[in-house]
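If you read the sequences in order, they're chains E and L.
Take 1 as the starting number for the first sequence in my numbering and just add one per residue.
Take 1 as the starting number for the second sequence in my numbering and just add one per residue.
The beta-carbon is built from N, C-alpha and C at its ideal position, and this holds for glycine as well.
I have placed the structure first, in the form of structure tokens, so that the comments after it can refer back to it.
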Amino acid sequence: MKKSTLIALSVVAVAALLVPAGSAMAQSASAAGSATATIVRPLTLAASDTLRFGNIAVGTTGGTVTITPANVLSFSGDSTPISGLPTGPASFNVTGASSLGFSISLPSTSTTITNGTAAQDMTVSPLTLSAASGTLSSAALGLASFTVGGTLTVAGSQAAGNYTGTFNVMVAYN
Amino acid sequence: MRKPYRLSLFAGALALLTASLSAAAQAPAAATISLQSDADLAFGAMAPGPSGGSVTVSPVGSRTSTGVVLLGGGFGVASFTVSISGGNPHYTITLPSSVTLLGPSGATMTLDSFLSDPSGGGKVDPPQRTGKIAVGGTLRVAANQPSGTYAAPFLVTVNLGN
Chain E
1 MKKSTLIALS VVAVAALLVP AGSAMAQSAS AAGSATATIV RPLTLAASDT LRFGNIAVGT
61 TGGTVTITPA NVLSFSGDST PISGLPTGPA SFNVTGASSL GFSISLPSTS TTITNGTAAQ
121 DMTVSPLTLS AASGTLSSAA LGLASFTVGG TLTVAGSQAA GNYTGTFNVM VAYN
Chain L
1 MRKPYRLSLF AGALALLTAS LSAAAQAPAA ATISLQSDAD LAFGAMAPGP SGGSVTVSPV
61 GSRTSTGVVL LGGGFGVASF TVSISGGNPH YTITLPSSVT LLGPSGATMT LDSFLSDPSG
121 GGKVDPPQRT GKIAVGGTLR VAANQPSGTY AAPFLVTVNL GN
């Protein structure tokens with residue numbers, strides 16, 4: 001007897017494991033973010049001229065000497081000018097990032113100049129700014145400048161001599 | 001007489017079973033986790049102080065600094081969306097320990113102290129089964145840090161489970 005030979009071909013089911021596209025593995029997933037930062041050149045501030053009231057002749061009752069940020073010199077009372085010493089506002093140079101704006105401030109609006117004897121100290125008040133703010137130039141190293149004036153009060157009995165003092169000025173990016 | 005052999009070929013069931021098998025095909029229920037980046041970690045603009053210092057963007061989105069002057073806005077916390085398709089809604093978060101931001105002419109800054117909200121791990125919310133992860137960190141800025149733009153990618157990983 002002939003036997004039919006059944007050759008059964010069974011194709012075994014093929015199970016294809018599909019992994020979803022992208023970063024999603026079954027149990028764990030990762031994603032990348034981007035971290036960014038911009039560094040801007042910091043501000044520098046340097047004094048290029050001091051606030052100079054010059055040579056002053058003292059009377060008997062006292063007076064004031066004013067230098068404006070625009071370098072206008074004026075006297076009141078019996079304080080009068082004597083030639084021989086330069087006068088002018090303090091001036092400052094600023095460097096920083098191209099074209100950025102900055103504010104200018106005087107932490108204290110009054111200061112003292114002294115000849116070494118505290119009783120003879122003179123007050124400079126107010127100190128005055130040429131501007132409350134500025135803008136650095138568009139060059140890669142941005143530049144700007146400003147001036148500071150003030151009013152000096154002189155006593156009628158003010159002792160002759162050289163008087164000096166300091167004051168602080170601050171600039172900060174807007 | 002010859003009788004023909006009858007060969008019957010039965011092509012058995014040709015079952016090309018295409019299945020998308022999920023992992024963990026045993027209780028608890030199978031699930032897939034995915035993660036997508038939605039917003040970058042931006043520190044914004046800054047000017048180093050005389051001794052340098054650091055700038056921190058916190059996971060709640062604030063920016064603070066020590067020894068560095070902060071300029072303008074333009075900063076923001078990184079944000080990611082995590083999705084879990086089913087089963088246990090909990091996941092853990094792995095953050096980098098540090099990355100190096102690359103700037104002009106090979107200058108670099110280190111970004112470390114990564115923090116996330118939620119911290120360490122979290123749980124996706126129904127019905128979408130997604131959650132938001134905020135990521136912040138601390139940037140180290142040198143006193144003489146060259147000016148320009150700095151950037152680097154950083155990788156966040158989430159894993160299924162508690």
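**Request:** Helix, strand or coil for A29(E), going by three-state DSSP, please let me know.
**Result:** Note: A29(E) maps to strand in three-state DSSP.
**Asked** For M46(L), does the count of other Cβ atoms within 10 angstroms reach 16, so buried, or fall short, so exposed?
**Response** M46(L) should be labelled buried.
**Message:** Does chain E have any CB closer than 8 Å to the CB of V60(L)?
**Reply:** So no, V60(L) is outside the interface.
**Asked** Does the beta carbon of A134(L) sit closer than 8 Å to a beta carbon anywhere in chain E?
**Response** It does not: the Cβ of A134(L) has no partner Cβ on chain E nearer than 8 Å.
**Proximal residues to P107(E) (C-beta, below 7 Å), its chain only, five neighbours per side dropped** = Scanning its chain for C-beta atoms nearer than 7 Å, with the 5 sequence neighbours on each side dropped, one finds around P107(E) the residues N168, M170, in chain order.
**Asked** How would you write the range of the beta strand (DSSP E) that F92(E) sits in, first residue to last?
**Response** From DSSP, the beta strand (DSSP E) with F92(E) extends over 90-97.
**Asked** Closest to F43(L) by CA distance: which of R63(L), D112(L), A143(L), T100(L) is it?
**Response** Ranking R63(L), D112(L), A143(L), T100(L) by Cα distance to F43(L) puts R63(L) first.
**Item:** Close beta carbons around D121(E), own chain, < 6 Å, minus the five adjacent residues each side
**Value:** Here the set comprises T112, T114.
**Asked** Per DSSP, which one or two residues make a beta bridge with R129(L)?
**Response** Partner residues in a beta bridge of R129(L), as assigned by DSSP, do not exist.
**Item:** Rounded separation between D112(L) and L141(E) - CA only
**Value:** So the two alpha carbons sit approximately 31 Å from each other.
**Helix, strand or coil at S83(L) [DSSP, three-state]** = Taken through DSSP and simplified to helix, strand or coil, S83(L) comes out as strand.
**Prompt:** Can you list, in chain order, the residues of its chain whose CB lies under 6 Å from that of T60(E), leaving out five sequence neighbours each side?
**Reply:** Excluding residues within five positions, the ones whose Cβ falls inside 6 Å are G156.
**Test: S113(L) CB closer than 8 Å to a CB of chain E** = Not an interface residue.
**Item:** Length-filtered (4 minimum) alpha helix (DSSP H) runs lying within the segment 102-152 of chain L
**Value:** Listed in chain order, there is nothing to give.
**Prompt:** Excluding sequence positions up to five away, which residues of its chain have a Cβ less than 6 Å from the Cβ of L85(E)?
**Reply:** Correct list, in chain order: G54, N55.
**Asked** When you compare only the Cα positions, how much space is there between F114(L) and S97(L)?
**Response** Each residue's CA atom was taken as its position, placing F114(L) and S97(L) some 7 Å apart.
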